[in-house]
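Engineer: Sharing a structure, written as structure tokens. Questions coming.
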Amino acid sequence: DSGVTQTPKHLITATGQRVTLRCSPRSGDLSVYWYQQSLDQGLQFLIQYYNGEERAKGNILERFSAQQFPDLHSELNLSSLELGDSALYFCASSVAPGPLNEQFFGPGTRLTVL
Amino acid sequence: GNSVTQMEGPVTLSEEAFLTINCTYTATGYPSLFWYVQYPGEGLQLLLKATKADDKGSNKGFEATYRKETTSFHLEKGSVQVSDSAVYFCALGGTSYGKLTFGQGTILTVHP
């Protein structure tokens, strides 16, 4: 158990809908990362927050947004869902930003868009 | 931009066989390199890392050496076990913000 929790574990929804994925980082970790794992794109970095502020953006679509709250949990919002958004979404956390800080991954949320 | 290329799988081995999974990278500057492992139904776990050239990362019998001259970070284990069956990801951490760039992953299956 990495100490990072993600809810829900599975999510099935329809095209055009909006969903929210939730992540609670390890105790003491201030930085949160979101990654998307799909069969065709592999594992891709989406966005990073540190202590409530956005720090880095990757291949995140405009239909997607995220935020980190004062209690440090983070939410990833996906809207106008398309079939191609079906994927495993991972959250990771680290003490601070930077490549020398180990990222601890949650178990992921599997999103299926029908 | 940064990229990671991993040897294509799946890789199927018998227990106690020698394992090599190749990983090469393209990056500016001096990135940190990582191997992550993903067991079925679980998130990724850090297996080992190396932060500078010629560093050797090791953990649970796995090893990888950061080779700047060949831009490689190949994963090796001398004697695999059935419990090593998983997906292995090579990753590069090259920015000050810490985002990871992953390879495509290699599925390893070890038979008794």
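Residue numbers (this note's numbering), protein chains in the order written: chain B, 1 to 114; chain G, 1001 to 1112.
C-beta atoms are modelled at their ideal positions from N, C-alpha and C, and glycine is treated no differently.
Given the structure is predicted, the values throughout are model-derived calculations rather than measurements.
(1) In the DSSP assignment, find the beta strand (DSSP E) that holds Leu78 of chain B and state where it starts and stops.
(2) Please compile the residues from chain G whose C-beta is within a distance smaller than 9 Å of the C-beta of Phe69 of chain B.
(3) Check the Cβ-Cβ distances between Gln1081 of chain G and every residue of chain B, and say whether any is below 9 Å.
(4) Any Cβ of chain B within less than 9 Å of the Cβ of Lys1068 of chain G?
(5) On the DSSP bridge assignment, give the partners of Ala56 of chain B in chain order.
(6) For chain B, find out if any of its Cβ atoms is closer than 9 Å to the Cβ of Phe1073 of chain G; answer yes or no.
(7) For Ala1017 of chain G, which option in G:Gln1006, G:Thr1024, G:Thr1065 and G:Glu1076 has the closest C-alpha, if you only look at C-alpha atoms?
(8) With a threshold of 9 Å between beta carbons, is Ser1003 of chain G in contact with chain D?
(9) State the CB to CB distance for the pair Leu1108 of chain G and Val1004 of chain G, rounded to an integer number of angstroms; the pair is presumed to be in contact (CB under 8 Å).
(10) With 16 as the cutoff for other CB atoms within 10 Å, does Leu1113 of chain G come out buried or exposed?
(11) Go through its chain and collect everything with a Cβ distance to Lys1056 of chain G's Cβ below 8 Å, but skip five positions before and after it.
(12) Are the CB atoms of Phe1073 of chain G and Leu1033 of chain G within a distance shorter than 9 Å?
(13) Going by C-alpha distance, which of G:Cys1090, G:Val1110, G:Gly1001 and G:Gly1098 is nearest Ala1048 of chain G?
(14) So with CB distances below 8 Å, who are the chain G contacts of Gly42 of chain B?
(15) Tell me, please, whether the stretch 24-43 of chain B touches the stretch 86-102 of chain B by the rule of three or more beta-carbon pairs shorter than 8 Å.
(16) With a cut-off of 8 Å, do at least 3 Cβ pairs link the stretch 14-21 of chain B to the stretch 1006-1020 of chain G?
(17) When DSSP labels each residue in this structure, what does Leu83 of chain B get in the three-state scheme?
(18) So with CB distances below 7 Å, who are the chain B contacts of Ser1032 of chain G?
(19) So that I know if they touch, is there some Cβ in chain G lying closer than 9 Å to that of Val4 of chain B?
(20) Runs of 3 residues minimum, wholly inside the stretch 1041-1081 of chain G: which ones carry the beta strand (DSSP E) assignment?
(21) For Gly1093 of chain G, which residues in chain B fall below 7 Å Cβ to Cβ?
Structural biologist: If we stick to the structure as given:
(1) Numbered from its first residue, the first sequence carries residue 78 of chain B at position 78. Unbroken beta strand (DSSP E) run through Leu78 of chain B: Ser74 to Leu78.
(2) Position 69 of the first sequence, counting from 1, holds the residue named residue 69 of chain B. In chain order: nothing, as chain G lies at least about 20 Å away.
(3) Within the second sequence, the letter at position 81 stands for residue 1081 of chain G. Cβ-Cβ to chain B under 9 Å: no for Gln1081 of chain G.
(4) Residue numbering aside, residue 1068 of chain G sits at position 68 when the second sequence is read from its first letter. Closer than 9 Å: no.
(5) Taking the first residue of the first sequence as 1, we reach residue 56 of chain B at position 56. Per DSSP, B:Gln48.
(6) Translated into the one-based positions of the second sequence, residue 1073 of chain G becomes position 73. Chain B, which has no Cβ nearer than 9 Å to the Cβ of Phe1073 of chain G, makes this no.
(7) As a working note, residue 1017 of chain G is residue 17 in the second sequence. Ranking G:Gln1006, G:Thr1024, G:Thr1065 and G:Glu1076 by Cα distance to Ala1017 of chain G puts G:Glu1076 first.
(8) Protein chains B and G are contained in the structure displayed, whereas chain D is not.
(9) Residue 1108 of chain G sits at position 108 when you count from the first residue of the second sequence. Residue 1004 of chain G sits at position 4 when you count from the first residue of the second sequence. Actually they are not in contact, since the Cβ atoms of Leu1108 of chain G and Val1004 of chain G sit about 17 Å apart, beyond 8 Å.
(10) Residue 1113 of chain G lies beyond the residue range present for chain G, which begins at 1001 and ends at 1112; the question has no answer from this structure.
(11) As a position in the second sequence, residue 1056 of chain G is number 56, starting the count at 1. Closer than 8 Å at Cβ, skipping near neighbours: Ala1050, Glu1063, Ala1064, Thr1065 and Tyr1066.
(12) Along the second sequence, read from residue 1 onward, the residue named residue 1033 of chain G stands at position 33. Along the second sequence, read from residue 1 onward, the residue named residue 1073 of chain G stands at position 73. Taking 9 Å as the Cβ cut-off, Leu1033 of chain G and Phe1073 of chain G qualify as a contacting pair.
(13) Residue mapping note: residue 1048 of chain G aligns to position 48 of the second sequence, counting from 1. Rather than Ala, the amino acid found at residue 1048 of chain G in this sequence is Leu. Cα-wise, what sits closest to Leu1048 of chain G is G:Cys1090.
(14) The count along the first sequence starts at 1 and reaches residue 42 of chain B at position 42. The contacting residues are Phe1102, Gly1103, Gln1104 and Gly1105.
(15) yes
(16) no
(17) For this step, residue 83 of chain B is matched to residue 83 along the first sequence. Correct three-state label for Leu83 of chain B: helix.
(18) Against the second sequence, residue 1032 of chain G aligns to sequence position 32. Going along chain B in sequence order, the residues near Ser1032 of chain G (Cβ under 7 Å) are Pro99 and Leu100.
(19) As a first step, residue 4 of chain B must be located in the first sequence, where it is residue number 4. Val4 of chain B counts as touching chain G.
(20) 1044-1050, 1056-1059, 1062-1065 and 1075-1077
(21) By one-based count along the second sequence, residue 1093 of chain G stands at place 93. Near Gly1093 of chain G (Cβ distances below 7 Å), the residues of chain B are Pro99.
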